[in-house]
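Peer 1: Submitted below is the structure of interest, expressed as structure tokens.
Chains as they are written, first to last, in this note's numbering: chain V, 5 to 318; chain Y, 113 to 628.
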């Protein structure tokens, strides 16, 4: 059963990777302008790079082939583990991604942690006193959090945490302290929804028969929630948060640029703006792999946590 | 479980608070200068990515650029060119030491230059070099196979910097750039920061600060925040709206400097209505340049009269700017035969209304707004303008197909700090017939001759005279209309002294900066 899921997902991963890279290649070939010229414009900092240089790079990038030929060439290299190199930095794509990935992974993990720590207790509190003050406050906060763009939240956090309170660095990288504000920013959207799901799930669980039985046995309310309700109510929350891990990676694209964290999002943005094709493809592939792997992980976790799914599979 | 959660929470809070407090001890140490800009070198190798190393001052080139945009001696004390223009002899400065103590010699410079020409072929590929010779320790000869007057200008680019042999590892890659500049390279974290220490044995003015930390921050607002929290003392390239907030504050200084980049419009001189010089001049008169600077650029910009900003040596300072004169514009249009015969407010000629297309791009955020202002201003003289805002490449493609009437562009002038490059690509008919960055498909025999003559003239003053004449003709014939010059705005905390913006962004000259 588990093996089937894993194989299935790995097969899916290959499909997704081929699809994503195909789309990226098509978009590059459809976008106006000569990638060689755009690359040089970024490298040299001039609108009209020397014609001779453009011609040389044009050749080097293999731009004279039709896009499907260059795509097939690229695929055959990827199969051999060669993702090409950056036309900007001259470093290999793999090296670029290896340098950037830890930052983004760290950022995303910390955001998940913040979301869990903040959203789960609040969601439970809201469920236990439906329509009470906490519930109303949470509902309001959710709506507000979801409607403000991340970019704005980032600036507000910088102002509060970095300037008025002056306890966190405003931007840049270094120890964990540099990651607090960006992860908080990134977790805001996730908190808003997780809180709501936690609340709904808890309310539903508390209406289940076995809770009534437990109550009839004379268990205290606190015990019932801790021992019986929480584990079941958490399941949809964990699954939701798991699937959102990939989304957080996506959110990193804006946040990393604002907070000057040189992670995968930054790499993607800068490679797109300078038409650094190999790096762009590498980033897209990495995103695809991460998201498929996360889904696989969520499936497995669900299998482990939820007996009913396990039973279905058997 | 609840208790565990509580403990976890408190621990986390402590970590977070504790971590937050450690960072700022450096602040009191006034010997370290923290600066921040958006540029990050793409490689640790200055021969691949030389702009930032040069601006920060850990590498130096044979020639320098002064505050007028003129080429001046640097590692080369002087140079001369043979009468056929193919042999350049550079006399090197004596007594210069690399940061590791190696003496700077012609032999090292030769090796370094040869490597530059290979590593940065895209920059230096144009130079028709055949060989580099070293007749003695302090003389370097560069042989060319054709004349190339812009050679010194090219040798001011950071990618041609002198690097000591100790900069490379066994396979010839740069592991630590060892240069000759006022600062010594200490460390580099890609896309994060570069740390420098002062070079006490510098041949020129020895720096006053002990250490420089250059932080790479791509977002303008983030640089502003870092400045507000005094994490940095110099924030480079702020946008006018952001910089405006500091003008009133006593503990900050706002610095501005026009740079070698002009916002201008290019007319499609191949078709009606801009085939007619009078119509092009009329548009020049119809545009209120002052209003554009004030309304779109928050006053940060200098209205343009000619190609180069007046701070530059190469600018023709005698050019009379087109004044804002609606009546004159109307008269010129009348003379050209464009009159409003049907009374609908739009001029027409032979039954064709004066409807034109303005193409621009959005990568330079202010251009679309400027285009809107121009649209309004042209309406006042009876020209209806349709705006097309595209991305740079789509806009280029459309322009080079001739599918436009007016093209609005922000044009960099000193990719290399010599007028030859821009004159050849933008105003000489060999350039204008290929690409339309400057005077689109425009041909003027006198201008062609003057530019060619300047290519073979080595006397600087004589060259300037020729270029002055070109600039005057271009303004009079009006294949383009210059609107305003870009202004760089840097903000520093008020305890920073001696910081000056360079009009070609050749150097930050941080060796002149002190912290009080």
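We treat Cβ as the ideally placed atom computed from N, Cα and C, and that holds for glycine.
Report yes or no: do the segment 112-119 of chain V and the segment 180-195 of chain V share at least 3 C-beta pairs separated by less than 8 Å?
Peer 2: A contact exists between the segment 112-119 of chain V and the segment 180-195 of chain V.
Peer 1: Which same chain residues end up closer than 6 Å to residue 536 of chain Y when comparing Cβ atoms and leaving out the 5 residues on each side of it in sequence?
Peer 2: The residue given as residue 536 of chain Y occupies position 424 in the second chain. Only 543 meet the Cβ criterion.
Peer 1: Could you list which residues in chain Y have their beta carbon closer than 8 Å to that of residue 64 of chain V, in chain order?
Peer 2: One-based indexing of the first chain puts residue 64 of chain V at position 60. In chain order: nothing, as chain Y lies at least about 10 Å away.
Peer 1: If you follow the alpha helix (DSSP H) that residue 1 of chain V is part of, which residue opens it and which one closes it?
Peer 2: The structure shown does not extend to residue 1 of chain V, since chain V spans only 5 to 318, so no value can be given for it.
Peer 1: Just to check my reading of the structure: residue 44 of chain V and residue 31 of chain V have Cβ atoms closer than 8 Å, yes? What is that Cβ distance to the nearest angstrom?
Peer 2: Here the question's residue 44 of chain V lines up with position 40 in the first chain. Here the question's residue 31 of chain V lines up with position 27 in the first chain. So it is not a contact: roughly 20 Å between Cβ atoms.
Peer 1: Is the Cβ of residue 524 of chain Y closer than 8 Å to any Cβ of chain V?
Peer 2: For the purposes of this step, residue 524 of chain Y is taken as residue 412 along the second chain, with counting starting at 1. Yes, its Cβ sits closer than 8 Å to a Cβ of chain V.
Peer 1: For the candidate residues Y:188, Y:168 and Y:170, whose alpha-carbon lies nearest to that of residue 176 of chain Y?
Peer 2: The residue labelled residue 176 of chain Y in the question sits at position 64 within the second chain. It is Y:188 whose Cα lies nearest to the Cα of residue 176 of chain Y.
Peer 1: Specify, as a first and last residue, the run of the beta strand (DSSP E) that residue 186 of chain Y falls within.
Peer 2: As a first step, residue 186 of chain Y must be located in the second chain, where it is residue number 74. Premise fails: residue 186 of chain Y is in no beta strand (DSSP E) and is neither H nor E.
Peer 1: So residue 549 of chain Y contacts chain V; which residues on that side make the cut at Cβ distance below 8 Å?
Peer 2: Within the second chain, numbered from 1, the residue matching residue 549 of chain Y stands at position 437. Within chain V, the residues near residue 549 of chain Y are 51 and 52.
Peer 1: Any C-beta of chain V sitting closer than 8 Å to the C-beta of residue 240 of chain Y?
Peer 2: By one-based count along the second chain, residue 240 of chain Y stands at place 128. Closer than 8 Å: no.
Peer 1: Any beta carbon of chain Y sitting closer than 8 Å to that of residue 77 of chain V?
Peer 2: Within the first chain, the letter at position 73 stands for residue 77 of chain V. It does not: the Cβ of residue 77 of chain V has no partner Cβ on chain Y nearer than 8 Å.
Peer 1: Using 8 Å as the cut-off, can you tell me whether the segment 447-455 of chain Y makes contact with the segment 500-510 of chain Y, which would need three or more C-beta pairs spanning the two stretches below that distance?
Peer 2: no
Peer 1: Please decide whether residue 270 of chain Y counts as near chain V, where near means a Cβ-Cβ distance under 8 Å.
Peer 2: Here residue 270 of chain Y refers to the residue found at position 158 of the second chain. False, the Cβ-Cβ gap to chain V never drops below 8 Å.
Peer 1: Let me know the secondary structure DSSP gives residue 245 of chain Y once reduced to three states.
Peer 2: Sequence index remark: in the second chain, residue 245 of chain Y carries index 133 (1-based). Residue 245 of chain Y falls in the strand class under three-state DSSP.
Peer 1: When Cβ atoms are compared, which residues of the segment 81-99 of chain V fall closer than 7 Å to chain Y?
Peer 2: 92, 93 and 94
Peer 1: For residue 106 of chain Y, write down the residues that DSSP places opposite it in a beta bridge.
Peer 2: The shown model of chain Y, from 113 to 628, leaves out residue 106 of chain Y, and the question about it has no answer.
Peer 1: Under three-state DSSP, which class holds residue 347 of chain Y?
Peer 2: Taking the first residue of the second chain as 1, we reach residue 347 of chain Y at position 235. Residue 347 of chain Y falls in the strand class under three-state DSSP.
Peer 1: Once you ignore the five residues that flank residue 255 of chain Y on each side, which residues in its own chain have a CB closer than 6 Å to its CB?
Peer 2: The residue you call residue 255 of chain Y lines up with position 143 of the second chain. Counting only Cβ-Cβ distances below 6 Å, and skipping sequence neighbours, we find 199, 242 and 243.
Peer 1: Determine the closest residue to residue 405 of chain Y out of Y:181, Y:596 and Y:618, with distance taken between C-alpha atoms.
Peer 2: Along the second chain, read from residue 1 onward, the residue named residue 405 of chain Y stands at position 293. Of the listed residues, the one whose Cα sits closest to residue 405 of chain Y is Y:596.
Peer 1: Mark residue 133 of chain Y as exposed unless 16 or more other C-beta atoms lie within 10 angstroms of its C-beta, in which case mark it buried.
Peer 2: Translated into the one-based positions of the second chain, residue 133 of chain Y becomes position 21. For residue 133 of chain Y, the predicted model reports a pLDDT of 45, less than 50, meaning its position is unreliable and no value from the coordinates is stated.
Peer 1: Tell me which residues of the segment 163-182 of chain V have at least one Cβ-Cβ distance to chain Y shorter than 9 Å, keeping chain order.
Peer 2: 163, 165, 166, 167, 169, 170, 171, 172, 173, 174, 175, 176, 177, 178, 179, 180, 181 and 182
Peer 1: Taking the C-alpha atoms as reference points, what is the distance between residue 321 of chain V and residue 87 of chain V?
Peer 2: Given that chain V is displayed from residue 5 to residue 318, the structure contains no residue 321 of chain V and the question cannot be resolved.
Peer 1: Would residue 47 of chain V pass as an interface residue toward chain Y - the criterion being a Cβ-Cβ separation below 8 Å?
Peer 2: Reading the first chain from its first residue, position 43 is the one you call residue 47 of chain V. So, interface residue.
Peer 1: If you draw a straight line from the alpha carbon of residue 4 of chain V to that of residue 237 of chain V, how long is it in whole angstroms?
Peer 2: Coverage of chain V is limited to positions 5 through 318, which leaves residue 4 of chain V absent and any answer about it impossible.
Peer 1: So the candidates are Y:402, Y:427 and Y:386; which of them puts its Cα closest to the Cα of residue 89 of chain Y?
Peer 2: Nothing about residue 89 of chain Y can be reported from this structure: the residues present for chain Y run from 113 to 628 only.
Peer 1: Out of Y:167, Y:261 and Y:224, state which residue places its alpha-carbon closest to the alpha-carbon of residue 569 of chain Y.
Peer 2: Residue numbering aside, residue 569 of chain Y sits at position 457 when the second chain is read from its first letter. Here the closest residue by C-alpha is Y:261.
Peer 1: If you run the structure through DSSP and keep just helix, strand and coil, what is residue 114 of chain Y?
Peer 2: Within the second chain, the letter at position 2 stands for residue 114 of chain Y. Residue confidence for residue 114 of chain Y is low, a pLDDT of 47 falling below 50, so the modelled location carries little weight; the figure read from the coordinates is stated next. Helix.
Peer 1: Residue 390 of chain V and residue 250 of chain V: beta carbons closer than 8 Å?
Peer 2: What is shown of chain V runs 5 to 318, which leaves residue 390 of chain V out entirely.
Peer 1: Answer yes or no: does any C-beta atom of chain Y fall closer than 8 Å to that of residue 36 of chain V?
Peer 2: The residue given as residue 36 of chain V occupies position 32 in the first chain. With 8 Å as the cut-off, residue 36 of chain V counts as an interface residue toward chain Y.
Peer 1: If we cut at 8 Å on Cβ distances, does residue 527 of chain Y have a partner in chain V?
Peer 2: Indexing the second chain from 1 puts residue 527 of chain Y at position 415. Closer than 8 Å: yes.
Peer 1: Taking residue 56 of chain V as the query, report the chain Y residues whose CB atoms sit under 8 Å from its CB, ordered along the chain.
Peer 2: Residue mapping note: residue 56 of chain V aligns to position 52 of the first chain, counting from 1. Ordered by position in chain Y, the residues that pass the 8 Å Cβ test against residue 56 of chain V are 237 and 238.
Peer 1: Could you tell me the boundaries of the alpha helix (DSSP H) in which residue 255 of chain Y lies?
Peer 2: Taking the second chain and counting its residues from 1, the one referred to as residue 255 of chain Y is at position 143. From DSSP, residue 255 of chain Y is part of no alpha helix (DSSP H) but of the beta strand (DSSP E) over 251-256.
Peer 1: So the candidates are V:288, V:303, V:307 and V:255; which of them puts its Cα closest to the Cα of residue 98 of chain V?
Peer 2: By one-based count along the first chain, residue 98 of chain V stands at place 94. Closest by alpha carbon: V:288.
Peer 1: Considering only C-alpha positions, which residue in the set Y:532, Y:145 and Y:296 is nearest to residue 343 of chain Y?
Peer 2: Here residue 343 of chain Y is taken as the residue at index 231 of the second chain, counted from 1. Cα-wise, what sits closest to residue 343 of chain Y is Y:145.
Peer 1: Can you list, in chain order, the residues of the segment 323-337 of chain Y whose Cβ is nearer than 9 Å to any Cβ on chain V?
Peer 2: 327, 328, 329, 330, 331, 333, 334, 335 and 337
Peer 1: In chain Y, which residues lie less than 9 Å from residue 262 of chain V when you measure between Cβ atoms?
Peer 2: Working through the first chain from its first residue, we reach residue 262 of chain V at position 258. By Cβ distance, chain Y contributes 330, 331, 333 and 334.
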